[in-house]
Amino acid sequence: MRILVFGAGSLGTLVGGLLASVHDVTLVGRGRHTSRVSKTGLDIVGAASAHVSPAATTTETGHDADLALVTVKSFDTAAAAEALAACDVDAVLSLQNGLTEEVLDARLDVPVLAGTATYGARLVGPGRVECTGIGRVVLGTLDGGASPLAERVGKAFRDADIRTLVAADMPRRRWEKLAVNAGINAVTALARVENGALAADEASDVAHRAARETARIARLEGVRLPNRVAREAIDRVVKQTAANRSSMLQDVDAKKRTEVDAINGAVVDIAAEHDFEVPTNRTLAALLRAWERGEGLR
Ligand SMILES: NC(=O)C1=CN([C@@H]2O[C@H](COP(=O)(O)OP(=O)(O)OC[C@H]3O[C@@H](n4cnc5c(N)ncnc54)[C@H](O)[C@@H]3O)[C@@H](O)[C@H]2O)C=CC1
Ligand SMILES: CC(C)(CO)C(=O)C(=O)O
Numbered sequence: 001m002r003i004l005v006f007g008a009g010s011l012g013t014l015v016g017g018l019l020a021s022v023h024d025v026t027l028v029g030r031g032r033h034t035s036r037v038s039k040t041g042l043d044i045v046g047a048a049s050a051h052v053s054p055a056a057t058t059t060e061t062g063h064d065a066d067l068a069l070v071t072v073k074s075f076d077t078a079a080a081a082e083a084l085a086a087c088d089v090d091a092v093l094s095l096q097n098g099l100t101e102e103v104l105d106a107r108l109d110v111p112v113l114a115g116t117a118t119y120g121a122r123l124v125g126p127g128r129v130e131c132t133g134i135g136r137v138v139l140g141t142l143d144g145g146a147s148p149l150a151e152r153v154g155k156a157f158r159d160a161d162i163r164t165l166v167a168a169d170m171p172r173r174r175w176e177k178l179a180v181n182a183g184i185n186a187v188t189a190l191a192r193v194e195n196g197a198l199a200a201d202e203a204s205d206v207a208h209r210a211a212r213e214t215a216r217i218a219r220l221e222g223v224r225l226p227n228r229v230a231r232e233a234i235d236r237v238v239k240q241t242a243a244n245r246s247s248m249l250q251d252v253d254a255k256k257r258t259e260v261d262a263i264n265g266a267v268v269d270i271a272a273e274h275d276f277e278v279p280t281n282r283t284l285a286a287l288l289r290a291w292e293r294g295e296g297l298r
């Protein structure tokens with residue numbers, strides 16, 4: 001399969017690098033990383049290891065591919081969609097956190113698949129990415145249901161030894177992941193604690209509230225996600241990723257813009273469309289945005 005990876009940062013470089021062992025991969029990224037990969041190849045280290053040689057470029061338009069993976073941060077999705085509209089790709093798959101697929105779907109006239117990734121990735125330097133945890137990619141159609149395209153993409157991932165599930169219930173899975181991110185990411189980022197700290201702390205109550213509110217909005221959107229399931233998802237992920245610094249906490253540590261708009265901010269926006277109040281998500285979003293403004297990020 002000819003695969004374009006749009007956003008060769010941590011996750012895109014890891015997944016693109018793993019895919020490059022069997023597919024024709026082009027990484028689209030920025031700066032010294034892409035020039036190093038195109039000259040000397042890419043080292044994958046950590047929980048997975050390989051040396052691979054995908055093509056790598058900073059040119060964003062004019063590419064021709066069977067599949068484009070979108071792995072830019074959520075706030076760069078609209079710009080990525082514009083560049084992809086000037087490429088000739090047959091299908092698009094997002095592996096981002098947050099509700100970003102709608103942004104792609106509204107701007108592109110090719111099928112957009114939804115995806116979630118629990119692989120951990122960290123770009124440690126130009127031409128070098130660390131796999132910080134073997135997780136799983138789950139992908140499927142945006143509206144749910146079976147799809148030959150999703151099966152083909154799933155097979156392409158599995159052929160590259162990426163643990164992958166093709167799921168017919170992506171709407172529920174996306175909202176469950178959103179509930180987890182709305183609770184864990186925002187609370188750990190604001191409290192500056194690892195995920196495991198939420199297990200025995202009153203802050204876990206805040207995370208549970210954010211997740212329950214998210215589940216309520218999912219149901220208003222027609223997605224069956226009981227409060228109990230969202231709450232249990234928080235507890236399960238806290239346990240499974242106890243030693244993680246959430247991606248939002250890592251952004252705060254690095255004084256970088258967070259994905260608050262596509263996570264808690266998205267819950268607030270969609271809730272407003274239903275005339276529904278989500279006070280916990282609203283408060284978390286306001287505090288995170290205040291931090292971003294205070295640090296001069298916006
Ligand atoms: N890093 C991880 O372990 C995981 C990340 N995710 C999600 O994946 C997404 C990406 O996360 P990371 O890889 O950590 O972020 P990152 O910041 O390391 O990578 C994004 C990359 O996209 C590049 N980029 C942005 N706009 C571009 C454009 N127009 N053209 C070319 N390149 C462009 C940036 O320069 C950056 O290198 C986020 O939504 C994140 O929440 C999900 C699961 C795990
Ligand atoms: C699942 C979780 C919370 C793991 O840290 C995550 O997705 C993130 O950090 O963005």
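The sequence shown finishes on residue 298 if you use UniProt numbering, and the numbering steps up by one all the way, no holes. Using N, Cα and C, we set each Cβ at its ideal position, and we do this for glycine too. These numbers come from a predicted model, not from an experiment.
Where does the unbroken beta strand (DSSP E) through residue i begin, and where does it stop?
i      : result
THR57  : 55–57
GLU130 : 128–133
THR26  : 24–28
THR241 : Careful: THR241 lies outside any beta strand (DSSP E) and carries neither H nor E.
LEU69  : 67–70
VAL138 : 137–141
So residue i is in the alpha helix (DSSP H); what residue range does that whole segment cover?
i      : result
ARG257 : Careful: ARG257 lies outside any alpha helix (DSSP H) and carries neither H nor E.
ALA146 : Counting along the chain, ALA146 falls outside any alpha helix (DSSP H), and DSSP gives it neither H nor E.
ARG212 : 203–220
GLY31  : 31–40
VAL268 : 264–273
ARG122 : Unbroken run through ARG122 is the beta strand (DSSP E), 120–125; no alpha helix (DSSP H).
VAL187 : 186–191
LEU284 : 279–294
SER247 : 247–253
ALA106 : 101–107
Within 8 Å: the Cβ of residue i and any heavy atom of ligand 2?
i           : result
LYS239      : no
LYS177      : yes
ASN281      : no
VAL129      : no
ASN264      : no
THR118      : yes
VAL180      : yes
residue 349 : Past the boundaries of the shown model lies residue 349; the chain is included only from 1 to 298, so the question cannot be answered.
SER74       : no
Compute every distance between the C-beta of residue i and the non-hydrogen atoms of ligand 1, then say whether any falls below 8 Å.
i      : result
LEU113 : no
GLY183 : no
GLU101 : no
ASP253 : no
GLY12  : yes
GLU259 : yes
GLY125 : no
LEU93  : no
SER35  : no
Have a look at the DSSP bridge pairing and note the partners of residue i.
i      : result
HIS51  : ASP43
GLY9   : Its beta-bridge partners do not exist; DSSP assigns none.
ARG2   : ASP24
VAL112 : VAL92
VAL180 : Looking at the DSSP assignment, VAL180 forms no beta bridge with any residue, so it has no partner.
LEU165 : VAL138
ASP64  : ASP88
Report yes or no: do three or more beta-carbon pairs, one from the stretch 129–149 and one from the stretch 31–48, lie closer than 8 Å?
yes
Margin query: Using 8 Å as the cut-off, can you tell me whether the stretch 215–229 makes contact with the stretch 186–202, which would need three or more C-beta pairs spanning the two stretches below that distance?
Written below: no
Between the stretch 256–268 and the stretch 279–288, are three or more C-beta pairs nearer than 8 Å?
yes
State whether the stretch 16–36 contacts the stretch 140–155, with contact taken as three or more CB pairs (one from each stretch) at a distance under 8 Å. no
Using 8 Å as the threshold, is the stretch 162–169 in touch with the stretch 69–86, meaning 3 or more CB pairs across them?
no
| message | Taking contact to mean 3 or more Cβ pairs, one atom from each stretch, closer than 8 Å, check whether the stretch 237–245 and the stretch 209–216 are in contact. | response | no
| said: Tell me whether the stretch 155–162 and the stretch 8–26 touch, counting them as touching only if at least three CB pairs, one residue from each stretch, are closer than 8 Å. | reply: yes
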